[in-house]
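Below is one structure, written out as structure tokens; the observations come after it.
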Amino acid sequence: MSAPQLVPPFTRETATKKVRMAEDAWNSRDAQRVSMAYSEDSHWRNRSEIFQGREAIRTFLQGKWEKELDYRLTKELWAFGDNRIAVRFQYEWHDTAGQWYRAYGNENWEFDASGLMRRREASINDLPIAEGDRRFHWDAPGPRPEDHPGLIDSPV
Numbered sequence: 001m002s003a004p005q006l007v008p009p010f011t012r013e014t015a016t017k018k019v020r021m022a023e024d025a026w027n028s029r030d031a032q033r034v035s036m037a038y039s040e041d042s043h044w045r046n047r048s049e050i051f052q053g054r055e056a057i058r059t060f061l062q063g064k065w066e067k068e069l070d071y072r073l074t075k076e077l078w079a080f081g082d083n084r085i086a087v088r089f090q091y092e093w094h095d096t097a098g099q100w101y102r103a104y105g106n107e108n109w110e111f112d113a114s115g116l117m118r119r120r121e122a123s124i125n126d127l128p129i130a131e132g133d134r135r136f137h138w139d140a141p142g143p144r145p146e147d148h149p150g151l152i153d154s155p156v
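Here the UniProt record's numbering is used: the first residue of the sequence shown is 1, the next is one more, and so on.
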């Protein structure tokens with residue numbers, strides 16, 4: 001039996017799987033792998049940066065993970081409908097000085113008929129945290145283990 005296609009229109013099951021696939025890809029910190037989930041002309045807004053195209057996405061992600069060290073991400077489905085998915089997420093990282101941060105964010109995704117993301121709009125806020133306040137403690141890069149709590153199990 002083959003896996004269900006993760007293309008619009010989404011069901012709760014396929015939207016949830018799409019979110020987890022994105023989380024796993026981003027936790028790989030492999031800009032090439034992540035970029036392949038986006039259409040060639042995908043439109044992005046990430047914080048205050050606006051750009052377009054898979055190559056721009058790849059370049060952005062490479063720079064992101066050069067700055068955001070030991071990056072670990074959790075995502076959760078917030079809402080879905082037809083060809084759109086809304087996600088909330090948190091990720092933790094530290095800078096070269098060793099200061100840890102937890103980023104809180106929301107993303108709005110829009111997909112083309114083949115299931116590639118053609119629009120991503122992300123609003124993100126960073127909160128400095130002490131290393132002892134970290135919540136995400138799995139081996140990285142790599143996916144969050146199935147038994148590691150997601151956001152639904154975490155305080156805000």
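Glycine residues also receive a C-beta, built at the ideal position from the N, C-alpha and C atoms.
*Mind checking which residues open and close the beta strand (DSSP E) that includes Gln32?*
Segment Ala31 to Ser35 is the alpha helix (DSSP H) holding Gln32; no beta strand (DSSP E) there.
_Collapsed DSSP secondary structure at Asn83 in the structure displayed_ = coil
*Rounded to a whole number of angstroms, what is the C-alpha to C-alpha distance between Pro149 and Pro143?*
12 Å
*Using 8 Å as the Cβ pair cut-off and three pairs as the minimum, do the segment 109–121 and the segment 129–145 touch?*
no
_For a minimum of 4 consecutive residues, which ranges assigned as the alpha helix (DSSP H) are wholly contained in the segment 59–114?_
none
_On the CB-based measure, 16 or more other CB atoms within 10 Å of its CB, does Met1 come out buried or exposed?_
Bear in mind that the predicted position of Met1 carries a pLDDT of just 38, short of 50, making it too unreliable to give a figure here.
*Whose C-beta lies closer than 6 Å to the C-beta of Arg45 among residues of the same chain, with five residues either side of it excluded?*
Glu121
*Considering only C-alpha positions, which residue in the set Leu77, Tyr38 and Glu68 is nearest to His94?*
Glu68
*In three-state terms, what does DSSP make of Met1?*
Because the pLDDT of Met1 is 38, which lies under 50, any placement of that residue in the model is unreliable, and the question is left without a value.
_Please classify Thr11 as buried or exposed, where buried requires at least 16 neighbouring CB atoms within 10 angstroms._
exposed
*What three-state label does DSSP hand Ala122 in the structure shown?*
strand
_Boundaries of the beta strand (DSSP E) in which Ser48 is found, first to last residue_ = Note, Ser48: premise wrong, no beta strand (DSSP E); not H, not E.
*The alpha helix (DSSP H) spanning residue 164 covers which residue range?*
Because the chain is modelled from 1 through 156, residue 164 falls outside the range shown and cannot be assessed.
*For Met21, I'd like the list of residues in its chain whose CB is within less than 8 Å of its CB, leaving aside the five on either flank, ordered along the chain.*
Leu6 and Ala37
*By DSSP, does Leu127 sit in helix, in strand, or in coil?*
strand
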